[in-house]
Every structure is written in structure tokens, then in C-alpha cells.
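A short write-up of the structure that comes next.
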Amino acid sequence: MSQLERRPLIAGNWKMNGLKASSAELVRIIQGAANVGAGADLLICPPATLIMSFAEAARGSRIAVGGQDCRAEPSGAFTGDVSAEMLADLGATAVIVGHSERRTLHQETDAVVRAKAAAAWRAGLTAIVCIGETRAEREAGQTLAVLGRQLDGSLPAGVSAANLVIAYEPVWAIGTGLTPTSGDVAQAHEFIRERIVATHGEAGQAVRILYGGSVKPSNARELMAIANVDGTLVGGASLKATDFLGIAAAYS
Ligand code: 13P
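Its first residue numbered 5, the sequence shown is counted upward by one per residue in our numbering.
Put into C-alpha cells, the structure is as follows:
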């Protein structure tokens, strides 16, 4: 399957940012989205506290709404946690799992991430599974080994284009303004594509692979031109409608 046949996805990860008043920024994104990136899917993942209001505001628009994490169990005595079913109940259609901030700050292993991805599927959500190497791992020449290990450990059986998106986010590129060279991105994405197909069969050809890490309007077009880059997962720049829409414009 060629890159042209995979519909690009521009996903915004708001992380722990946003209060009720942020709905004004969402409205700007919804309104602006009518004019940009017609060939792409657009997704905003606000904090859990805003999913319900964002999903209601975005209903009928081009903007889909997703969560940033879920617990694997559907319900139970897990104080403070949110299940995939709860996200779906609020109107989310996707959930990020295994973000490096979760893997690092909450000690999430590949097995935990795999269980969360399975939970997302159980609830009818698309799982956006994040993988990526640290700076030390890159400098040690271990990037592809790390990505292979994370893919093998984090993906449940039964992947499809509808239920899975992979986000390649080099940890050292997140929030730093640093990005890998185009060649390094191309190598990582080609490796990810081959690994998914080898492990999960031809369905892996249609799975979208996003690049994430310091994506902004000024570098989005160059990233999108790279083979097997089927969109982006945007952190900081997704908080501002003009920047998020500027990135989306690269995918028109
Ligand atoms: P930045 O775009 O702020 O570098 O964050 C990337 C990210 O972690 C998205 O999930």
C-alpha cells in the first residue's frame, strides 16, 4: 500500500494543559479546520477533564476527540484512574497509550501498554501506541533495537488500520525543539512498517505511523514528505489553533 492510500492523521496531545476556558481555542480549531488539511483526519486529545465538553463541541465537525491514557481494566477499585470505556462514554474515539511520559513517570512497561491498547479496542477506541528511543539509546546505536522491542511488546494481536496508529516519538525530540534528520525519521518509519507487517501481516501496511517530537508548522511539510510518515502527533504546538492548523495545512 502506498503512502497516498493511507489517510494522514494530525493528532494533538494537549498533555496536562487546558481548563474549561480552553474551549475557546477548540472552537478556533474547529472553525479553522473547515479550511485546511482536507485530505487528513484531525484529532485533539485534551486532558480527561475536558473530553466530554470537547466531544460535544466538536460533534459534527472534522475534529475527533481522544484521551491521553486509559487503565486496562474496565472498572474497579483503581482510585484516580480512567478506563477506556469511560473515555468512549464521553465521546472519545481514540486514546494515546504508552506515551514516553507515561512510560517514564509512571513506570509503564510494554506489557502494561499492550494491555491498555487491548482495553482501547475492547471499548471500540483506536489505540495510538507510542514508541521511541532515548538520547542515550540513540547514541549507543540501539534505536532500531529499542523500537523493535517496544513494538513486539506493546501491540496486541489483531491489529488493523482502524484500531491502531503507531506514533514514533524520539524521547529526546519531545518538547526540546530538536528533531531527527529526515534520513533518521525515514529509517525509523521504514523499520516500524516492516516490523508490523512481519509480525501482524498485511494489515500492517494500512496502519498509520505518525512522527512526534517538536513538530511545528515550519517543519511539518518536510516531515510529511518522508516515506511511511502518515501524519504527526503534536504536543506543544497543538495548544494553539494557528499552529495546529498550520501543521494540518501541510497535509492538504
Ligand atoms: P512536542 O510536540 O511538544 O515536542 O511533544 C510531542 C509529544 O510528546 C506528543 O505526544
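We treat Cβ as the ideally placed atom computed from N, Cα and C, and that holds for glycine.
Query	Result
If you measure from the CB of G179, is any heavy atom of the ligand 13P nearer than 7 Å?	yes
Quick one: what's Y172 bridged to in DSSP?	I135 and Y215
If you follow the beta strand (DSSP E) that G205 is in, where does it begin and where does it stop?	Per DSSP, G205 belongs to no beta strand (DSSP E) and is neither H nor E.
From the DSSP output, which residues share a beta bridge with V69?	I48
Is A241 near the ligand 13P - that is, is its Cβ less than 7 Å away from at least one heavy atom of it?	yes
Does the Cβ of G250 lie closer than 7 Å to at least one heavy atom of the ligand 13P?	no
Using only the alpha-carbon positions, how far apart do P184 and W176 sit?	9 Å
Check S242 in the structure and name its three-state DSSP category.	helix
Apart from the five residues on each side of it in sequence, which residues of its chain come closer than 7 Å, Cβ to Cβ, to T108?	none
State yes or no: is the C-beta of N21 nearer than 7 Å to some heavy atom of the ligand 13P?	no
Please name the residue, chosen from E198, N223 and L159, that lies closest to S186 on a Cα-to-Cα basis.	N223
In whole angstroms, give me the CA-to-CA distance for I14 and P50.	14 Å
Per DSSP, which residues does N21 bridge with? Please list them.	For N21, which the question treats as bridged, DSSP gives no partner whatsoever.
Is S218 near the ligand 13P - that is, is its Cβ less than 7 Å away from at least one heavy atom of it?	yes
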